[in-house]
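J.: For the working numbering, add 13 to where a residue sits in the sequence shown, where the first one is 1.
The structure that follows is given in the form of structure tokens.
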Amino acid sequence: MYSDLVQFEGEKLELGFDNVYNAKNLKIVECDEFTLQQTLENKKSEIIVIHEKSPKDHLHFRRTALNQVTCKLAKKNKIIIAFSFDKIINSRDKALVFGRLMQNFKLCRKYKVKVLFASFARNKYGMRSSHDLLSLLQVLGMTADEANKALSVVKEIVNKNPEVAKGVKIVKNGKNKNYC
């Protein structure tokens, strides 16, 4: 039911996930607030990972990459907005990142943009269980249904596009399956 994306090869922990995919084999682009709109206008990418690098928020609004214009572009071009748990864990100011995530989730809900949330772990110790990620998403303002969809959208992408799935390694029940 749930799927996770990681950034390493080798042994992966299951932790309640049906499938664990390597993110290097999918069409994923990482953007900040300056390059996001250009990337959204380019229809070649399917998944865009939002990287919040802005040091400070403004006095009256949060300085995040997503806004109403970028959300409308993502909905129009059918691009999935992804958020990385690894970026949250490794950030210096977690409270600032949590506030920006809450705002981004509200914008994605308002403009009906598909959201992906994955660990993007760099090693097997950076992975978290599916229940931990679900709980975090609900604390940050997602409903239970939205959180379930955010953790299961990866499987839809890989099943929808067989050319994207070429070379993807799936770990299920401790057995490696290569789809090459």
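Ideal Cβ placement from N, Cα and C applies to all residues, glycine included.
Taking 6 Å as the line, does the beta carbon of G23 fall inside it for any heavy atom of the ligand FAD?
T.: The ligand FAD is absent from the structure shown, which contains no ligand whatsoever.
J.: Would you mind reading off the limits of the alpha helix (DSSP H) that contains I170?
T.: That run of the alpha helix (DSSP H) goes A157 to K173.
J.: Taking the Cβ atom as the reference point for each residue, do L164 and N117 lie within a distance shorter than 7 Å?
T.: Going by C-beta atoms, L164 is not nearer than 7 Å to N117.
J.: Would DSSP call N35 helix, strand or coil?
T.: N35 falls in the strand class under three-state DSSP.
J.: Would the beta-carbon of I61 fall within 7 Å of that of I94?
T.: In this structure, I94 lies closer than 7 Å to I61 by Cβ.
J.: Take every Cβ of the region 85-93, pair it with every Cβ of the region 122-130, and state whether three or more of those distances are shorter than 8 Å.
T.: Yes, the region 85-93 is in contact with the region 122-130.
J.: Closest by CA to L49, which one among K37, H64 and L114?
T.: Out of K37, H64 and L114, H64 has the C-alpha closest to the C-alpha of L49.
J.: Since N136 and F21 should fall inside the 8 Å C-beta cutoff, what is the C-beta to C-beta distance between them, to a whole number of angstroms?
T.: Indeed, because the Cβ distance is near 6 Å, the residues count as touching under 8 Å.
J.: Since E54 is in the alpha helix (DSSP H), which residue starts that stretch and which ends it?
T.: L49 to E54 is the span of the alpha helix (DSSP H), which, as asked, contains E54.
J.: Assuming F98 and F47 make a contact with CB atoms under 8 Å, what is their CB distance in whole Å?
T.: In fact, because the Cβ distance is near 23 Å, the residues do not count as touching under 8 Å.
J.: Starting from F133 and walking both ways along the beta strand (DSSP E), at which residues does that stretch end?
T.: Element bounds for F133: n/a, residue is neither H nor E.
J.: Of the residues K57, G139, L147 and T52, which one's Cα is nearest the Cα of V82?
T.: The residue with the shortest Cα to Cα distance from V82 is T52.
J.: The beta strand (DSSP E) that contains A95, what's its start and end?
T.: From DSSP, the beta strand (DSSP E) with A95 extends over I93 to S97.
J.: Can you find the residues in the same chain that come closer than 7 Å, C-beta to C-beta, to C121, ignoring five residues on each side of it along the sequence?
T.: Closer than 7 Å at the Cβ level, and outside the excluded window around C121, lie C84, I94 and V128.
J.: Measure how close the beta-carbons of Y15 and S143 come, nearest whole angstrom, since I'm counting them as under 8 Å.
T.: Indeed they touch by this definition, with Cβ atoms about 4 Å apart.
J.: For the region 35-43 and the region 152-162, state whether three or more C-beta atom pairs, one from each stretch, are separated by less than 8 Å.
T.: The region 35-43, when compared against the region 152-162, does not touch it at the 8 Å Cβ threshold.
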